[in-house]
Amino acid sequence: MPADNIRGPHKVVLGSYNSYAAAQHAVEVLAEHKFPVEHLTIVGTGLRYRELVLGRWTWGRALVAGAVTGGWLGLLIGLVFLIVSPWAATSMISAIVLGIVFGVTLAAVAHATHRRSFAAVPAITADRYEVLVDAEFAEVARRVLTDALASPPGRTS
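Those letters in the sequence shown? Residues 1 to 157, by our numbering.
Here is the structure:
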């Protein structure tokens, strides 16, 4: 979809930035100066998918991760049982043990069927980030940003 279609007929580019943090900072500056930020949009252009590979995903890692996740879930359920019936403290221990067993079992099934030998975190990144503003607020937004960038840090208008 071309960027012009994203902008729409009533949006104009307020600024273009190399990072999301820089675009976010521009919106923060506008928000701090009481600009109605609901008229802004941050759009990433030049999108690409990437995966940060964290390391090998072995049977041991999969089973430990399943045990930890199941243990936490079992602890949560056990605490609910403990609140409902405080005289039966063994229900909490049983819930934790059952949570670990189910967690390990589900992790083993998932690892066996997934057939992937590495762990990765997916991310979508952009080459540029544009801050768009409704056309009727463009002049005010530009003035606020210009004034905020011209004034020394720590000084509020």
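Ideal placement from N, C-alpha and C gives every residue a C-beta, glycine not left out.
Exercise. Decide yes or no for the touch test of the segment 43-53 against the segment 109-121: beta carbon pairs closer than 8 Å, at least 3 of them.
Key: yes
Quiz item: Should residue 84 go down as buried or exposed, given a rule of 16 or more other Cβ atoms within 10 Å for buried?
Solution: exposed
Quiz prompt | Residue interval of the alpha helix (DSSP H) (run including residue 47) | solution = First-last for residue 47: undefined, no H or E at that position.
Quiz prompt | Simplified DSSP assignment, three categories, for residue 143 | solution = helix
Quiz prompt | Which of helix, strand or coil DSSP assigns to residue 89 | solution = coil
Exercise. Please state whether DSSP places residue 58 in a helix, a strand or coil.
Key: coil
Quiz item: From residue 35 to residue 135, what does the alpha carbon distance come to, in whole angstroms?
Solution: 14 Å
Quiz item: Between the beta-carbon of residue 117 and the beta-carbon of residue 59, is there less than 8 Å?
Solution: no
Exercise. Tell whether a beta-carbon distance below 8 Å holds between residue 17 and residue 31.
Key: no
Quiz item: Does DSSP put residue 16 in a helix, a strand or coil?
Solution: strand
Exercise. Could you tell me which of 66, 15, 24 sits nearest to residue 110, measuring between CA atoms?
Key: 66
Self-check item: residue 35 - DSSP class collapsed to helix/strand/coil
Solution: coil
Quiz item: Does the beta-carbon distance from residue 29 to residue 145 come in below 8 Å?
Solution: yes
Exercise. Just mark residue 130 as buried or exposed, buried being the case when its beta carbon has 16 or more other beta carbons within 10 Å.
Key: buried
Quiz prompt | First through last residue of the beta strand (DSSP E) which encompasses residue 128 | solution = 128-134
Exercise. Decide if residue 40 is buried, meaning its Cβ has at least 16 other Cβ atoms within 10 Å, or exposed.
Key: buried
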